[in-house]
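Each residue of the sequence shown is one higher than the one before, counting from 966 in the numbering used here.
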Amino acid sequence: MVGFQKKLLMYFLAPVATALPVLSMNILFLVHIPNHWCHIPEMAASNLSASAQETLFGHDKSDCFMYDLNYTDWVQSNHYRIPDDTALIPCDNGWTYETAHFDETAASK
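Okay, here's the thing in structure tokens:
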């Protein structure tokens, strides 16, 4: 190949070589569903970290349910243990998403 042909080839292939990986990896950001649990306004106003909230409220039964507690009294009691016989109710305030890997994804919006 002549010098100008190599330059022309690089001129056309360099943008493609950088754009294709970005476009193909973009799907990971769109379809990733982070760990999530019910958003509880009383917990958001408390001093509990997001990881502590996930440990307490990220139960294995379903991500669509939360414990039937009076959370204001529960936070003020400082017990931070959920009784085993506590009933579950559907989430009604949306979800809190883990942000360890991404701040926002399509699933969290």
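Heads up, the beta-carbon is just placed ideally off N, CA and C, and yes, glycines get one too.
- If you compare the alpha carbons of F1030, W1039, D1049 with that of W1060, the shortest gap goes to F1030.
- A straight-line Cα-Cα distance of about 42 angstroms links V996 and F969.
- Within the DSSP secondary-structure output, Y1036 pairs in no beta bridge.
- Taking 8 angstroms as the cut-off, the Cβ atoms of N1043 and I1005 do not count as close.
- Setting aside the 5 residues that flank it on each side, A1072 is surrounded in the same chain by I998, each with a C-beta closer than 6 angstroms to its C-beta; the list follows chain order.
- Beyond the five residues adjoining it in sequence on each side, N1000 comes within less than 8 angstroms, by CB distance, of E1019, G1023, Y1062, E1063 in the same chain, given in chain order.
- Annotated as proximal: A1052 and D1033, with beta-carbon spacing under 8 angstroms.
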